[in-house]
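Letter 71 of the sequence shown, counting from 1, is numbered 71 in this note's numbering, and no numbers are missing.
Ideal Cβ positions, reconstructed from N, Cα and C, are used throughout, including at glycine.
This report refers to the structure that appears directly beneath it.
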Amino acid sequence: IAGILWLGLVPLIWATPILFIILGEGNMETPFLISFFAALLILIYTGIYQGRRPVMVSHNLVLPSKSYYTRYFIVRIPFLISYELFFRGLLLFLNTEKMGLSMAILTDMFLTVLLHVFSGKKMMLACIPFSLAACLLNTQVHAVWPSILLHFAISFSFELSSVKKIFNLLKTTS
Numbered sequence: 001i002a003g004i005l006w007l008g009l010v011p012l013i014w015a016t017p018i019l020f021i022i023l024g025e026g027n028m029e030t031p032f033l034i035s036f037f038a039a040l041l042i043l044i045y046t047g048i049y050q051g052r053r054p055v056m057v058s059h060n061l062v063l064p065s066k067s068y069y070t071r072y073f074i075v076r077i078p079f080l081i082s083y084e085l086f087f088r089g090l091l092l093f094l095n096t097e098k099m100g101l102s103m104a105i106l107t108d109m110f111l112t113v114l115l116h117v118f119s120g121k122k123m124m125l126a127c128i129p130f131s132l133a134a135c136l137l138n139t140q141v142h143a144v145w146p147s148i149l150l151h152f153a154i155s156f157s158f159e160l161s162s163v164k165k166i167f168n169l170l171k172t173t174s
């Protein structure tokens with residue numbers, strides 16, 4: 001919730017109107033949209049595949065209830081929107097104006113990797129191409145909705161698959 005407030009509401013009050021940042025005004029031609037949705041499907045598949053990988057479950061493990069996971073995802077949605085609005089909306093576009101596109105993208109990649117340092121080496125490495133793709137898509141469209149959709153796709157496909165896998169494992173072991 002602190003992330004939603006800090007990354008979402010503070011920039012919203014300080015920055016330009018939110019719908020303009022999300023929807024933008026850029027180029028959305030057919031080849032771009034086809035490429036974007038192809039990448040989106042690949043990310044969803046990757047998230048589902050990674051979420052289904054074997055999970056070690058202890059027999060003494062106490063998992064949160066399904067209502068906990070429902071609340072988690074209800075909070076996760078505005079957090080991801082806020083995250084993308086701040087990093088690939090506000091910071092990316094401001095940095096592009098101040099230091100050029102290449103440096104703005106490098107700065108975005110560095111910050112994204114730095115924020116995921118506690119998520120492990122694989123996640124940090126995955127942040128590099130994800131951040132690059134999100135930045136390039138956002139600058140192409142001059143909006144933030146592409147990175148919001150990409151982040152939703154990868155996060156929810158992985159997280160929902162993982163939660164489902166754990167609940168299924170617990171059902172079979174009890």
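Contact belief for residue i with residue j at Cβ below 8 Å, rounded distance in angstroms
i: residue 163; j: residue 69; result: 6 Å
i: residue 149; j: residue 133; result: Residue 149 to residue 133, Cβ: 12 Å. No contact.
i: residue 92; j: residue 138; result: 6 Å
Environment of residue i [buried if 16+ CB atoms lie within 10 Å]
i: residue 19; result: Because residue 19 carries a pLDDT of 49, less than 50, the predicted location of this residue cannot be relied on, and no value is offered for it.
i: residue 176; result: Outside the displayed span of the chain (1 to 174) sits residue 176, for which this structure offers no information.
i: residue 94; result: exposed
i: residue 131; result: buried
i: residue 154; result: buried
i: residue 168; result: exposed
i: residue 234; result: Given that the chain is displayed from residue 1 to residue 174, the structure contains no residue 234 and the question cannot be resolved.
i: residue 114; result: exposed
i: residue 141; result: buried
i: residue 147; result: buried
Closer than 7 Å: residue i CB and nearest the ligand COA heavy atom
i: residue 111; result: This structure lacks the ligand COA; in fact it carries no ligand of any kind.
Residue-level contact to chain D via CB, residue i, 8 Å cutoff
i: residue 117; result: Of the protein chains in the structure, only one exists, and it is not chain D.
### Task
Answer yes if the region 120-139 comes into contact with the region 69-83, meaning at least three C-beta pairs across the two stretches below 8 Å, and no otherwise.
Verdict: no, contact absent.
### Query
For the 8 Å Cβ check, are there 3 or more pairs between the region 149-162 and the region 96-112?
No, because fewer than three Cβ pairs between the region 149-162 and the region 96-112 fall closer than 8 Å, the two stretches do not touch.
### Task
Starting from the N-terminal side, write out each stretch of the beta strand (DSSP E) that is 3 residues or longer and does not extend beyond the region 73-159.
With a minimum length of 3 residues, no continuous beta strand (DSSP E) run stays inside the region 73-159.
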